[in-house]
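**Student:**
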Amino acid sequence: LHLIDMLLIGRRWISIFCRKFATRPDKGERPAAYDARFVESCWYDFWLANDFFNKSPTTGRKPYVFCLPPPNITGDLHLGHALTVAIEDAIARKHRMCGDAVFWIPGFDHAGLATQLVVENMLFNKNGILRKEMSREDFVRACDAWKMERMSSIEAQLIKLGSSLNWQRTFYTMDTNFTKAVVEAFKILHQQGLIYRDYRIVNWSPYFCSGVSDIEVQLRYVEQPTEITIPGRIEPVSFGRLYFVKYPLENPTAEDEFVIVATTRPETIPADQAVAVHPEDPRYGHLIGLRVRNPLLSGKMLPVICDKRVEQNLGSGVVKVTPAHGRMDFDLAREHGLPLEHRCIDDHGRMVVDELVELNGLERFAGRELVLSMLINRDLLVDCKSHPMNVPICIRSGDVMEPMLKEQWYLNCSELATEVEHAVDRLDILPAGMRNEWLNWTSKSENWCLSRQSWWGHRVPAYYATFENDCHPSVWVVASDESDARGVIADKYPQYTLVNLRQDDDVLDTWFSSALVPLVLGGWPEKFNSRFTENCYFPLSLLETGHDILGFWAVKMAMLSLKLVGELPFRKLLLHGMICDEQRQKMSKSKGNVINPMQLIQGTPSTETDQGVTAYGADAVRFALLRSNVKADTVAFDQTMLTRSRHFCNKLWQSFKFVKKMWNNDTEVDILSPVYTSLVDRWILSRLSAVVKNVNESFETYDFHRCTNDLLDFWWFEFCDVYLEWSKHYFYPDRTPAAENVVSMFAIVTDTYLRLLAPFMPFLTEELYSMLPLKSKAISVHDAAYPKADTINFFEPHLDSQMRFISELLHHVRSVRREFNISPVKLLKGIAICKGVERAALENFSELIDQLACFRCDLVDSDKYINMPNHLTLISQENCQLHLELMYVKQDEILERFEKQLNLLQKKREKLLRKLNTRMRLLRWLRYFRRDYLITFTLLPYAISIVSILLIPCTKVEESFNLQAYDHNYFPGVVPRTFLGALLLSIAVYPFYILAKLFGLSKFWLLIATRCMLTTGVYIAYYKLLKSASRNFAKHICIDIRFAHIVEIVG
């Protein structure tokens, strides 16, 4: 490990040393259109060469410290990692531009059990070797080799995303510093009595032969019987059924021979220790204290106990108590003094029942099938019903979790949770609603199972000591290493002779080491100093992570930090939502909606079967991710948003090419106080000031979607669509003297805007910034100062309100041109009666309107001055009436087009009226024959129903009676109702079948007869329903129901 750490650090220092004297990259001629590969090719090396990511802190100023949530070394980065990088890199770059020394520290998580599974699969697929065939040391070496490969790959992916991380400070959750911290934390917490060893129910994965953490368990809700495929088993397993089993009484009577117990897990019956009822349930009160026989082990007696946690209305109201295979069962058994350790399923998920040889060694779900068969043969299975339930699935392997009683190391979290709950007032949590979620985690905190039955991870620093001649019970000793353990034993048990000392084979839960990240970054336990120093990394200025690991990482981090050093590990907590697809469904491989961010950035070539993926580039991907509200519960990744973000990149590229061209080659320009050529100049600077103010305010609250939307709208719709189009007349056809003033405006706007956009699009802004021929600019846009509202202060709100009116007017004029097919170069004229802001806008920006829309408007004071025989009212408001003269419109063509549209609308209207008249005539006819009750309301619906069912497509009716849906293996001893329905229908149709055989009728006529009989049966039930409604309510209610039925069918 020491050698690996040295290699990692050395590689990065050599890389930086070799690049140290690099200059700005010269990438040759720039492409005509935006090309992400060209733009993003060299800039990262330039940033590393100039050490932009490792600025030293200013004296007396604490650095801004936060860390990248360490990705697991199990595979490549996914879109959730890209979202995290987009958020955190924007924060890091913005703070650097504001003058802060930013330490954004990268790291990698060893990922314990998940990495072990991946390495096991790799070894088997590559070399055909199983882990069981290797020594522990050899397997750990294989994991180390895998780790080096994955860390290098993940680092390359983070660089592709443009993450400005402090690579020299990279950590790994199994490096030397973490190993020391993990051992020290375990020792301290054990000495304080918070870590202890105990028998408890854990989430056990038979596939891994290990316990797993709660975050690695997904509860799959099944509402009805559902088949789930389990790894290592060919046949799927059915879940969502409640079985009702007879438990005979020890001393049966005529009134009570047995109790019926409801269970979803009949395979665990051999391990039952009792049956339980609710103490207030009148059905079973007289049975409390008696004993029943185990239905599979008749010689085993089980007491009937009472507990208020039993649900009276669930199943039969009687439950079995199996302490070794259920959390609530374990708690209930412990309180009632029942045996706890008897189990019937081993660590590999196989049945262990010495009394029943036929069950021994069977896989647990095969054991379930055999148990059900045995119960049926003994006439002890009463019923089987559909039952909604949550099935715990291991997200790593897909295995169904087995609640298992195990002796493990636990951390008592109740005291720690109380401290964290009291400290919440010192913590700034965003979004604010997550504060309640934080408190929920602390209030429901359970003891934390630390043990994992794995070879990869931090081995538990505990040693099992046995003594000579069993003169003293074996004990567990917590120590740093074996030598330390022997010293502890010699001090504590000097009178006993130690025979054997072995370290616990288990490793610690990955989250234990991950929760120590802030402490280790701060130098704990050896060089820890939470007070201000230049290299102080504790506490973190910010922790940014997904809200899905709030309780598993952030809360546990706070627990350990408060207990070990008495301080919170971070000052501010920012939680982002879970990345989802466009339909807001969670991304998963099973759904096929997982997106690889590297494919979006680099693109993939097209093939015969695949269209490939466009190379969008890191800037477009990051910008698209940040255009969603990252503080929402879910962050929907929209492909349309990604395409629009790339179009925005191209818009920036093309507009800067134009600005550069207008710059008069490479003449450098000073950014001085602006020289106004027109009110349009003042307006664009006012809008620039507003964007600077809005972006800074949104950044403070981490509303990145507001930042990106404001930046896009300003550049696309205000600078390009208005100001850039307006400025062209200063350069074309000839360059005017005022053009130099416009160039200075270009310099102010582009320089400010690029600095404002830089945290969100680092590559493109760097490329465009290098194109700007400014006399006094920074070596990099990321080394320049971030624009602030007090430095960019050109607010003129009255011009903004005037321009909003002008924008509306321009939109209307352009719409008229499109509607009437008028050429953009033809001059349109209008007359306006305006006052207030609207009049000032038309007076101040008349040249702009003429330039952008080829429209001139005369201002008058009264309607009497309007003398236009052919005009259109464009704007009709309280303060403004604006009329447009239709000079180039051919009225005949317009009227002809309107007539065609009117004819289409009239045809649609007539069609709707015909349908309405049909229904009205039917209603009138029914009212006319209302007295004829039998004909109108009995025979007519029947006739209509017969015709309707005969016209249904062939497969629809027959699929309702598919006999193959019945499977006795999944419904033992139970006859489903669908089968009864099909059986009755078959009996009714059988006479027609005999006639068809006698007269040689085709299958078609038998089908017609079947459908007629089916309709008759359905209508008899319908008729009885109406009779019941007439009897219990009123006759007119029955008639109204039939009215509605007939009208609905015919309509």
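The sequence shown begins at 1 in the UniProt record's numbering and counts up one residue at a time. Using N, Cα and C, we set each Cβ at its ideal position, and we do this for glycine too.
1. Rank Val321, Ala181, Val304, Trp663 by C-alpha distance to the C-alpha of Thr264 and give the top, closest one.
2. Please list the terminal residues of the continuous beta strand (DSSP E) segment that includes Leu113.
3. For the ligand SAM, any of its heavy atoms closer than 6 angstroms to the Cβ of Ile601?
4. I need the boundaries of the beta strand (DSSP E) containing Ile228, first residue and last residue.
5. Does DSSP put Thr545 in a helix, a strand or coil?
6. Considering only DSSP beta bridges, list what Val403 is partnered with.
7. Starting from His883, follow the alpha helix (DSSP H) in both directions and report where the run begins and ends.
8. Give the list of continuous alpha helix (DSSP H) stretches no shorter than 4 residues that lie fully inside the segment 670–747.
9. For Asn500, write down the residues that DSSP places opposite it in a beta bridge.
10. Where Ile489 and Val222 are concerned, what is the direct C-alpha to C-alpha distance, given to the nearest angstrom?
11. Nearest to Cys880 by CA position, among Leu902, Cys857, Glu358, is which residue?
12. Could you pull out every unbroken alpha helix (DSSP H) segment of at least 4 residues lying fully inside the segment 589–659, listed in chain order?
13. Tyr172 and Phe108 - do their beta-carbons sit closer together than 7 angstroms?
14. Looking only at its own chain, which residues have a Cβ that is under 6 angstroms from the Cβ of Ala36, when we skip the five neighbours before and after it?
15. Return the chain-ordered list of same chain residues with a C-beta closer than 8 angstroms to the C-beta of Val182, the five sequence neighbours on each side being excluded.
16. So Lys55 is in the beta strand (DSSP E); what residue range does that whole segment cover?
17. First and last residue of the alpha helix (DSSP H) that includes Met148?
18. How about Ile894 and Val860: do their beta carbons lie closer than 7 angstroms?
19. Check for me: the beta strand (DSSP E) holding Lys829 runs from which residue to which?
20. Suppose contacts are defined by Cβ-Cβ distances below 7 angstroms. Is Ala92 in contact with Pro63 by that definition?
21. Excluding the five sequence neighbours on either side, which residues of its own chain have a C-beta within less than 6 angstroms of the C-beta of residue 1053, listed in chain order?
22. Have a look at Trp653, Phe552, Ile595, Ile429 and flag the residue whose alpha-carbon is nearest the alpha-carbon of Leu542.
23. Between the segment 416–433 and the segment 369–387, do three or more beta carbon pairs fall short of 8 angstroms?
24. Which residue's Cα is closest to the Cα of Pro69: Ser205, His547, Met134, Arg644?
25. With DSSP as the reference, please indicate the residues paired to Leu859 in a beta bridge.
26. Asp329 by DSSP, collapsed to three states: which one?
27. Using a Cβ-Cβ cut-off of 7 angstroms (strictly less than) and excluding sequence neighbours within five positions of Phe699, which residues of its own chain qualify?
28. Around the Cβ of Ala254, are there at least 16 other Cβ atoms within 10 angstroms (buried) or fewer (exposed)?
29. Leu1001 by DSSP, collapsed to three states: which one?
30. In the DSSP assignment, find the alpha helix (DSSP H) that holds Met97 and state where it starts and stops.
31. Going by beta carbon distance, what residues of the same chain come within less than 7 angstroms of Pro787, once the five residues before and after it are set aside?
32. Contact defined as beta carbons within less than 8 angstroms: I believe Gln851 pairs with Trp726. What is the distance between those atoms, to the nearest angstrom?
33. Along the chain, where does the alpha helix (DSSP H) containing Phe763 start, and where does it finish?
34. Compute the Euclidean distance between the alpha carbons of Lys444 and Gln495, then round it to the nearest angstrom.
35. Determine the direct distance from the alpha carbon of Thr229 to that of Glu369, and round the result to whole angstroms.
36. Identify whether Ser451 lies in helix, strand or coil by the three-state DSSP scheme.
**Tutor:** The answer reads as follows:
1. Val321
2. No beta strand (DSSP E) holds Leu113; the alpha helix (DSSP H) holding it covers 112–127.
3. No copy of the ligand SAM appears in this structure; indeed no ligand is present at all.
4. 226–228
5. strand
6. Residue 403 is actually Pro in this sequence, not Val. According to DSSP, Pro403 bridges with Asn203.
7. For His883, no alpha helix (DSSP H) segment is defined; the enclosing uninterrupted segment is the beta strand (DSSP E) at 880–885.
8. Counting only runs of at least 4 residues, the segment 670–747 fully encloses the following alpha helix (DSSP H) elements, listed from N- to C-terminal order: 679–700, 704–713.
9. For Asn500, which the question treats as bridged, DSSP gives the partners Thr466.
10. 52 angstroms
11. The candidate whose alpha carbon is nearest that of Cys880 is Cys857.
12. 597–602, 618–626
13. yes
14. Ala615, Gly617
15. His458, Pro461, Leu508, Phe512, Ser513, Leu516
16. First-last for Lys55: undefined, no H or E at that position.
17. 136–160
18. Going by C-beta atoms, Ile894 is not nearer than 7 angstroms to Val860.
19. 828–834
20. no
21. Because the chain here runs from 1 to 1051, residue 1053 falls outside it and cannot be looked at.
22. Ile429
23. no
24. Nearest of Ser205, His547, Met134, Arg644 to Pro69, Cα basis: His547.
25. In the DSSP output, where bridge partners are listed per residue, Leu859 has Ala832.
26. helix
27. Lys94, Cys707
28. exposed
29. coil
30. 79–97
31. Val692, Thr752, Arg755, Leu756
32. 6 angstroms
33. 762–771
34. 45 angstroms
35. 16 angstroms
36. strand
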